[in-house]
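S.K.: Residue numbers for the sequence shown follow the numbering used here, so the first one is 744 and each next one is one higher.
Backbone N, C-alpha and C fix where the C-beta goes; we use that ideal spot for every residue, glycine too.
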Amino acid sequence: IGLGADGDRSLGNGQNGLSLVGANRDVIGGSFAQRNYVAGSQLCGIAVTLSHSVQVSGNDIGMDGTGLFPRPNGNGVCIDSSEDIQIEANRISGNSNNGVVITAGEFERVNTRNGRIIGNIIGPRADGARIGNGSHGIELKGDVSADGGLSVVNTQIVDNIIAFNQGAGVFVDECSRVQGTRVFGVNHDNVDIPIRYRRCPVPPDPQTLQPIFVVLDLSAAFNEPTDVPGEEQTVVEGVVESEPDEEITID
């Protein structure tokens, strides 16, 4: 999708490479033999909107047919206003912006819930060398502009290799409504910090004139060796940006 028959020449698509709207229990890709090569699209390589229980699995997104040279989409995988979407075992590298972006309310006023991003390679090319995505490996972004706000809720990001991206490994967008996100195992080799969560107040609600704050349950863990042979320590690393004197709970 978006490549010539030789797997090299980028032909691209003017919008998304592959787009599902209102889908239910569909699979994009599957086994190694069933994978798609998705490249050269101006918006998203794969876009899933207003859908339920869709699996995006085993695809090469943003590279040529060898997995070595970038043939960028705008973003690799875009999920919006959907539930129970699983992004698993894909290689997502070489895209102009983010590898994966999960949003709520970009097209319809619906929350995005229960996303799972599991076992993907986001940033390295097929031989493990540096290529990256042009911005973040994964970006989560709710919508505070809609009445009452729309949220990205209960996203699990587990066992991925996320490296060499120009932004953060995982970025939670400023002033977005993102809740219940759990992140485990993010590599160190992104240009920015492995996980960045920028917390800030949004303009006061006109009904209450009180600031609305974003709440995020964020955890990131990886193991590093200690001075004792055979033992490891668990390291939790990330950044939460706040206003002066703002109270933040990390648990």
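Excluding the 5 residues preceding and the 5 following G810 in the sequence, name in chain order all residues of the same chain whose CB lies nearer than 7 Å to its CB.
M.R.: Excluding positions up to five away in sequence, the list reads D803, R834, R868, A869.
S.K.: Return helix, strand or coil for A869, following the three-state DSSP convention.
M.R.: coil
S.K.: For Q829, report the span of its beta strand (DSSP E) as first-last.
M.R.: 829-831
S.K.: Given a cut-off of 7 Å on the beta-carbon distance, is the pair I938 and V901 in contact?
M.R.: no
S.K.: Does chain D have any CB closer than 7 Å to the CB of A782?
M.R.: Structure shown: chain D not included; a single protein chain is present.
S.K.: Whose C-beta lies closer than 7 Å to the C-beta of H795 among residues of the same chain, with five residues either side of it excluded?
M.R.: N767, S825, E826, D827
S.K.: Residue range of the beta strand (DSSP E) that N897 falls in?
M.R.: Where N897 is concerned, there is no enclosing beta strand (DSSP E), given that its DSSP letter is neither H nor E.
S.K.: Hey, would you say G717 sits closer than 7 Å to Q798, going by beta carbons?
M.R.: The chain is shown only over 744 to 994; residue 717 falls outside these bounds and no answer can be derived.
S.K.: With distances taken Cα to Cα, identify the nearest neighbour of G842 among N857, S878, E831, T924.
M.R.: S878
S.K.: Ignoring anything shorter than 3 residues or poking outside the stretch 754-788, list the beta strand (DSSP E) runs there in chain order.
M.R.: 761-764, 770-772
S.K.: Span of the beta strand (DSSP E) holding D823?
M.R.: 818-823
S.K.: Starting from R859, trace the beta strand (DSSP E) both ways and give me its first and last residue.
M.R.: 859-861
S.K.: Say yes only if the C-beta of N818 is nearer than 6 Å to one or more non-hydrogen atoms of the ligand SAH, and no if none qualify.
M.R.: Because no ligand of any kind appears in the structure shown, any question about the ligand SAH cannot be addressed here.
S.K.: Using 7 Å as the threshold, is the C-beta distance between G880 and G858 below it?
M.R.: no
S.K.: If contacts are defined as beta-carbon pairs under 8 Å, then N816 and G783 qualify, I think. What distance do you get, rounded to the angstrom?
M.R.: About 7 Å; that satisfies the 8 Å criterion.
S.K.: Give the secondary structure of I744 by DSSP, where H, G and I count as helix, E and B as strand, and everything else as coil.
M.R.: coil
S.K.: Would you kindly work out how many angstroms separate the C-alpha atoms of V926 and Q899, rounded to a whole number?
M.R.: 6 Å
S.K.: In the DSSP assignment, find the beta strand (DSSP E) that holds L883 and state where it starts and stops.
M.R.: 881-884
S.K.: Under the assumption that L763 contacts D769 (Cβ atoms under 8 Å), give the Cβ distance between them as a whole number of angstroms.
M.R.: Yes, they are in contact, since the Cβ atoms of L763 and D769 sit about 6 Å apart, within 8 Å.
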